[in-house]
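Working notes, beginning with the structure itself.
Protein chains: 2
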Amino acid sequence: MGTGSAAFLLAQVGAYAARKFDERLGELELTPPQAGLLRAIAMQPGRSQQAIAEQLGTAPTRLVALVDGLERRGAIQRRRNPDDRRLHALFLTEGGQQLMRSIGQVAMAHGADLTAALDDSERAQLQRLLLRIAEDKKLAAGVHPGFGSI
Amino acid sequence: MGTGSAAFLLAQVGAYAARKFDERLGELELTPPQAGLLRAIAMQPGRSQQAIAEQLGTAPTRLVALVDGLERRGAIQRRRNPDDRRLHALFLTEGGQQLMRSIGQVAMAHGADLTAALDDSERAQLQRLLLRIAEDKKLAAGVHPGFGSI
DNA sequence: TATTGTTATACTCTATAACTATA
DNA sequence: TATAGTTATAGAGTATAACAATA
């Protein structure tokens with residue numbers, strides 16, 4: 316296996332990054348899937364639950380409970396499309412946008428802590444190399460692995 | 316959040332690496348926790364289930380079913396310590412050692428595929444940077460995140 | 001009484017399949 | 001009949017607590 320191979324380290328450090336980010340999200344009383352959903356809505360508001368489920372690579376049924384929770388909390392809204400009343404378009408509320416800003420701050424602090432051992436040029440280099448892999452593997456830009464199937 | 320921040324990309328690419336490795340382990344009919352346990356035993360045979368659970372950062376109860384499965388399969392053995400018959404020392408069998416070699420091959424192919432977009436010097440650079448982070452964060456060397464708590 | 005491992009129980013998360021309402 | 005979303009059911013995985021054997 317090679318204790319320190321790049322792939323092994325990637326899985327190891329990546330899991331650590333995800334876990335720590337999860338912990339920090341906990342301070343906002345959010346789970347990674349919730350944050351991923353908020354982010355997906357923020358990227359392109361007004362889409363149906365199906366469209367978002369497809370982007371996130373998950374089954375539409377899984378969104379229901381997530382949407383319920385975030386709606387109860389006042390972070391997002393379902394709005395029925397008057398032209399086709401089967402569709403629920405999803406939007407962030409004011410509070411939801413504020414929440415996204417908080418997530419952004421948390422992510423920033425997380426990123427700084429995670430790469431604290433690197434200087435600026437090393438951090439940029441790491442980012443470049445990871446981006447090359449992400450593009451090669453066609454990982455959807457901006458879709459955090461809070462959803463299992465990426 | 317910064318769509319392409321180093322931390323975000325790390326979680327994203329790391330999750331992809333873990334998932335792909337999981338798929339490849341499937342060819343050997345192994346799960347990530349099983350592979351992690353085999354590896355832990357291979358690193359230092361003869362330890363008790365408790366000692367291994369502690370290294371893996373998991374509850375000892377979780378090992379029971381894993382050890383059962385791998386023992387039924389003939390990959391590992393429980394041996395009672397005659398001096399303290401409460402302890403079950405764990406060892407790899409011949410077949411278990413062969414299985415570890417297969418895992419090594421699978422991991423090698425996995426690593427080559429994952430970093431296919433990089434040349435040798437870039438791969439080495441990535442490895443160096445990740446290792447710096449792993450050391451900074453005191454991630455246990457050689458413990459794959461098949462176990463949630465790393 | 002303390003410790004190792006096991007068993008039993010419950011809980012979380014997710015996937016799958018039926019159902020409803022709209023079209 | 002087909003589609004969007006919901007609800008119901010079941011399954012995997014894991015954590016917690018009670019238990020038995022040994023010290």
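Residue numbers (my numbering), protein chains in the order written: chain A, 316 to 465; chain B, 316 to 465. Cβ coordinates follow ideal geometry from the N, Cα and C atoms, glycine included. Being a predicted model, the structure only gives us computed values, none of them experimental.
So, is residue i buried or exposed, given that buried needs 16 or more other C-beta atoms within 10 angstroms?
{"i": "M436 (chain B)", "result": "One detail in the question is off: residue 436 (chain B) reads as Ser in this sequence, not Met. Classification of S436 (chain B): exposed, given that the 10 Å Cβ count is below 16."}
{"i": "Q420 (chain A)", "result": "exposed"}
{"i": "A374 (chain B)", "result": "exposed"}
{"i": "Q359 (chain A)", "result": "exposed"}
{"i": "G426 (chain B)", "result": "buried"}
{"i": "V379 (chain B)", "result": "exposed"}
{"i": "P397 (chain A)", "result": "exposed"}
{"i": "G361 (chain B)", "result": "exposed"}
{"i": "L438 (chain A)", "result": "Note on residue identity: the sequence assigns Arg, not Leu, to residue 438 (chain A). Under this definition R438 (chain A) is a buried residue."}
{"i": "A449 (chain B)", "result": "buried"}
{"i": "A424 (chain B)", "result": "exposed"}
{"i": "A422 (chain B)", "result": "buried"}
{"i": "A468 (chain A)", "result": "Residue coverage of chain A in this structure runs from 316 to 465, which leaves residue 468 (chain A) outside it and unanswerable."}
{"i": "A330 (chain B)", "result": "buried"}
{"i": "A431 (chain A)", "result": "exposed"}
{"i": "R401 (chain A)", "result": "exposed"}
Could you give the DSSP three-state label for residue i: helix, strand or coil?
{"i": "Q392 (chain A)", "result": "strand"}
{"i": "S436 (chain B)", "result": "helix"}
{"i": "T376 (chain A)", "result": "helix"}
{"i": "G457 (chain B)", "result": "coil"}
{"i": "R400 (chain B)", "result": "coil"}
{"i": "Q442 (chain B)", "result": "helix"}
{"i": "G384 (chain A)", "result": "helix"}
{"i": "Q413 (chain A)", "result": "helix"}
Which residues in the same chain have their Cβ closer than 8 Å to the Cβ of residue i, if we skip the five residues on either side of it in sequence?
{"i": "I418 (chain A)", "result": "L340, L343, L345, A350, L353 and R354"}
{"i": "A390 (chain A)", "result": "L353, L407, T408, G410, G411 and L414"}
{"i": "I356 (chain B)", "result": "R362, I367, I391, L405, F406, L407 and G411"}
{"i": "G457 (chain B)", "result": "R354 and M358"}
{"i": "D434 (chain A)", "result": "none"}
At what residues does the beta strand (DSSP E) containing residue i begin and finish?
{"i": "A404 (chain A)", "result": "H403 to L407"}
Between which two residues does the alpha helix (DSSP H) carrying residue i extend?
{"i": "F462 (chain B)", "result": "No alpha helix (DSSP H) contains F462 (chain B), which DSSP labels as neither H nor E."}
{"i": "D337 (chain A)", "result": "A321 to E342"}
{"i": "Q370 (chain B)", "result": "Q364 to L371"}
{"i": "A431 (chain A)", "result": "Here A431 (chain A) belongs to no alpha helix (DSSP H), and DSSP marks it neither H nor E."}
{"i": "L345 (chain B)", "result": "From DSSP, L345 (chain B) is part of no alpha helix (DSSP H); its letter is neither H nor E."}
Give me, in chain order, the residues of the same chain whose beta-carbon lies closer than 7 Å to that of residue i; leave out the 5 immediate sequence neighbours on both sides.
{"i": "L381 (chain A)", "result": "P348, Q349 and L352"}
{"i": "R393 (chain A)", "result": "V382, E386, H403 and L405"}
{"i": "D337 (chain B)", "result": "P347"}
{"i": "Q364 (chain A)", "result": "P375, L378, V382, H403 and L405"}
Leaving out five residues on either side along the sequence, give the residues of the same chain with a beta carbon under 6 Å from the beta carbon of residue i.
{"i": "M316 (chain B)", "result": "Any reading at M316 (chain B) must be qualified, since the residue scores a pLDDT of 41, below 50, and its modelled position is unreliable; no value is offered."}
{"i": "L429 (chain B)", "result": "A332"}
{"i": "L446 (chain A)", "result": "none"}
{"i": "H459 (chain A)", "result": "G351"}
Cβ-based contacts, 7 Å cut-off: residues of the segment 442-461 of chain B near chain A
Q442, L444, L445, L446, R447, I448, A449, D451, K452, L454, A456, G457, H459 and P460
Using a beta-carbon distance cut-off of less than 9 Å, what residues from the segment 429-440 of chain A approach chain B?
Listed by position, the residues of the segment 429-440 of chain A near chain B (Cβ gap below 9 Å) are L429, T430, A431, A432, L433, E437, R438, A439 and Q440.
Proximal residues, the segment 327-349 of chain A versus chain B, C-beta separation under 8 Å
Q327, V328, G329, A330, Y331, A332, A333, R334 and F336
Using a Cβ-Cβ cut-off of less than 8 Å, give me the residues of the segment 398-431 of chain A that come near chain B, in sequence order.
For the segment 398-431 of chain A, which is checked against every Cβ of chain B, the residues closer than 8 Å are I418, G419, A422, M423, H425, G426, L429, T430 and A431.
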